[in-house]
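A.B. asks:
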Amino acid sequence: MVVKSVIKMMISKKPKPKMKPIELNTPPEQTQTITRAVFDIVKEHGPLTVSQTWLRLQELNLKQLTSKTHMKTVMRWMRERQKLRLICNHVGSQKQFLYTTWFTKAKMSHDQPTKCFTDKYIR
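With the sequence shown counted from 1, adding 1133 to any position gets you the working numbering.
In structure tokens:
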């Protein structure tokens, strides 16, 4: 009886849908300009949150970057191509998601003792 219920539960679960790769609709020249600016900011000032990155990009006055949502899409696209990585800092019950490059060591404060890599889990 228990076996039947377990089998029924396993069959009834839907699998996680496959995520298709992100396709940017901007021309390659604009994409290169935006990704270079994002990469340079994260490399120079990182690790940064999404809002901190957006504030730094607004200081540059990039006309190709239309909105914060567009920036998030570009950053997700960069993560797929392993230009950026997303790390998660746990402080008690709070989490903070930070973007950093693969080539720099994270500069974390002593208040944030643990970190977990979330590349597999966050999309």
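Glycine included, every Cβ here is placed at the ideal spot set by N, Cα and C.
Keep in mind that this is a model prediction, so the values were computed, not measured.
Would you say residue 1233 and residue 1204 are within 9 angstroms of each other, going by their C-beta atoms?
C.D. replies: no
A.B. asks: Here's a check: name, in chain order, each residue in its chain whose Cβ is nearer than 7 angstroms to the Cβ of residue 1209, leaving out the five neighbours to either side.
C.D. replies: 1155
A.B. asks: I need the straight-line Cα distance from residue 1213 to residue 1228, nearest angstrom please.
C.D. replies: 22 angstroms
A.B. asks: Quick one: what's residue 1172 bridged to in DSSP?
C.D. replies: Residue 1172 pairs with nothing; no bridge assigned.
A.B. asks: Would you report the Cα separation of residue 1179 and residue 1196, rounded to the nearest angstrom?
C.D. replies: 23 angstroms
A.B. asks: Would you report the Cα separation of residue 1236 and residue 1136, rounded to the nearest angstrom?
C.D. replies: 49 angstroms
A.B. asks: Give the straight-line distance between the Cα atoms of residue 1199 and residue 1146, rounded to the nearest whole angstrom.
C.D. replies: Straight across, the Cα-Cα distance linking residue 1199 with residue 1146 is about 40 angstroms.
A.B. asks: Among residues of its own chain, excluding the 5 on either side of residue 1167, which ones have a beta-carbon nearer than 6 angstroms to its beta-carbon?
C.D. replies: 1197, 1198, 1207
A.B. asks: Pick from 1140, 1218, 1170, 1182: whose alpha carbon is nearest that of residue 1192?
C.D. replies: 1170
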